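One structure below.
Residue numbers (my numbering): 6 to 97.
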């Protein structure tokens with residue numbers, strides 16, 4: 006859990022990562038575990054910088070997440086980060 010928290014904390018303002026990237030970086034098998042950790046223990050983290058693999062926000066938090074990202078200067082088009090701005094999982 007602490008590795009996930011540290012990885013999310015390390016995402017700079019104005020940048021994003023995916024649940025899969027965080028899972029890869031921290032040795033977890035599933036991006037869903039990252040989501041679960043953030044849901045249960047991520048209120049004090051920049052959780053809004055973590056997106057789904059397709060660059061979209063999680064549906065149940067999309068309004069708040071996209072507002073926070075836009076406030077940091079992140080470009081979202083139709084509610085998602087454009088593909089050319091996304092990193093491939095494992096390349097970060």
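Just so it is clear, CB atoms sit at the ideal spot from N, CA and C, and this is done for glycine as well. Quantities reported herein were computed from a predicted structural model and do not represent experimental measurements.
Three-state secondary structure (DSSP) of residue i
i, result
"residue 22", "strand"
"residue 14", "helix"
"residue 86", "coil"
"residue 38", "helix"
"residue 81", "coil"
"residue 43", "helix"
Test item: CB-CB of residue i and residue j under 7 Å
i, j, result
"residue 80", "residue 53", "no"
"residue 17", "residue 77", "no"
"residue 61", "residue 84", "yes"
"residue 39", "residue 82", "no"
"residue 25", "residue 58", "yes"
Residue range of the alpha helix (DSSP H) that includes residue i
i, result
"residue 70", "67 to 76"
"residue 33", "That residue, residue 33, is in no alpha helix (DSSP H); it is neither H nor E in DSSP."
Proximal residues to residue i (C-beta, below 6 Å), its chain only, five neighbours per side dropped
i, result
"residue 30", "12"
"residue 71", "62 and 81"
Chain-order list of residues whose beta-carbon lies under 7 Å from that of residue i (same chain, five-residue window excluded)
i, result
"residue 56", "21, 23, 62 and 86"
8 Å CB neighbourhood of residue i in its chain, flanking five on each side removed
i, result
"residue 50", "10, 13, 14 and 43"
"residue 34", "28"
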